[in-house]
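Undergrad: End of the sequence shown = 204 in the numbering used here, gap-free, step of one. The C-beta atom is built at its ideal place from N, Cα and C for all residues, glycine as well. This structure is a prediction, so every number in the text was calculated from the model and none was measured.
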Amino acid sequence: MALAGERIVNSRTGQQMIFRQTARDTNGALLQIETINPLHGPAEPEHIHKRQESSAEVLEGTLHFKVRGEVRVVQAGEKIVIPPDTPHQFWNSGEEDARAIQEFRPALRTEDFFETLFGLARDEKLNERGMPSLLQLAVLVPAFGDEIRPTSPPWPLLRAITWLLGPIARARGYRSVYPQYQEGASAASAP
Numbered sequence: 014m015a016l017a018g019e020r021i022v023n024s025r026t027g028q029q030m031i032f033r034q035t036a037r038d039t040n041g042a043l044l045q046i047e048t049i050n051p052l053h054g055p056a057e058p059e060h061i062h063k064r065q066e067s068s069a070e071v072l073e074g075t076l077h078f079k080v081r082g083e084v085r086v087v088q089a090g091e092k093i094v095i096p097p098d099t100p101h102q103f104w105n106s107g108e109e110d111a112r113a114i115q116e117f118r119p120a121l122r123t124e125d126f127f128e129t130l131f132g133l134a135r136d137e138k139l140n141e142r143g144m145p146s147l148l149q150l151a152v153l154v155p156a157f158g159d160e161i162r163p164t165s166p167p168w169p170l171l172r173a174i175t176w177l178l179g180p181i182a183r184a185r186g187y188r189s190v191y192p193q194y195q196e197g198a199s200a201a202s203a204p
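1. Alpha carbon to alpha carbon, how far is VAL109 from VAL71?
2. Who are the Cβ neighbours of PHE127 in its own chain at under 7 angstroms, not counting the five residues just before and after it?
3. In this structure, does DSSP put VAL84 in helix, strand or coil?
4. Quick check on the burial criterion: 16 or more other C-beta atoms within 10 angstroms. Buried or exposed for GLN115?
5. Can you look up ALA69 in the DSSP assignment and give me helix, strand or coil?
6. Would you call VAL125 buried or exposed, if buried means 16 or more other Cβ atoms sit within 10 Å of its Cβ?
7. Using the C-alpha atoms, what's the distance from GLN28 back to ARG172?
8. Out of PHE157, GLY158, ALA156 and LEU133, which one is the CA nearest neighbour of SER146?
9. Would you please state the rounded distance, in angstroms, between the beta carbons of TYR187 and THR129? I believe it to be under 8 angstroms.
10. Taking contact to mean at least 3 C-beta pairs separated by less than 8 angstroms, is the region 117-124 in contact with the region 77-87?
11. In terms of residues, what are the limits of the alpha helix (DSSP H) holding ALA113?
12. Quick one: Cα of PRO96 to Cα of GLU59, how far?
13. Going by beta carbon distance, what residues of the same chain come within less than 7 angstroms of GLU137, once the five residues before and after it are set aside?
14. Taking the C-alpha atoms as reference points, what is the distance between GLY143 and ASN40?
15. Please tell me whether GLU141 and PHE103 are closer than 8 angstroms, where the distance is taken between their beta carbons.
16. Going by alpha carbons, who is nearest to PRO55 out of THR26, GLU47 and GLN65?
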């Protein structure tokens, strides 16, 4: 679990996160993170948070959100709330870096997911779009399915693929979380 005040950096996409309130701080009710999304950074893949409401309040700059196929521009001082199980993605195509406060209710294990993803980026284990290898996904997808699910390929197909590849991935040393990325380890080596 992350520590309040911990900063992690995705060296592949340039996105930064500062954990403001963690599951530990809120007894699992809330994860609140400050995000800095670089200008023209890549759009994250469309996804859902199966059991979580997510929101973003933009503090500086502009973020574009595509929610259920509809694009909404969220500027400084505005907030967007996305209900659970709602397909969405966001990106920054504004004129400056965008800073926002994002929240996930309940917290679940979202901070573990972000620490793992950003740690993999730091260790150059993500592709140019910021995605892990197929074998890494085979252990991440089932472990964090309540927190985040890509919308493509369809979930039943993705689960079948991970069911087949998961044992191979684990035998080759892939894990859903790595001790070196947890509890401030990635923050200590971040620029």
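TA: With the structure as the only source:
1. Correcting the residue identity first, residue 109 is Glu in this sequence and not Val. Going from the Cα of GLU109 to the Cα of VAL71 covers about 12 angstroms.
2. ILE21 and MET30
3. strand
4. buried
5. strand
6. It is worth fixing the name first, because residue 125 is Asp in this sequence and not Val. Buried, since its Cβ has 16 or more Cβ neighbours within 10 Å.
7. 28 angstroms
8. LEU133
9. No, TYR187 and THR129 are not in contact; Cβ-Cβ is about 11 angstroms, not under 8 angstroms.
10. no
11. Per DSSP, ALA113 belongs to no alpha helix (DSSP H); it is in the beta strand (DSSP E), 111-118.
12. 14 angstroms
13. Answer for GLU137: no residue qualifies.
14. Roughly 31 angstroms separates the two Cα atoms.
15. No, they are not a contact pair.
16. THR26
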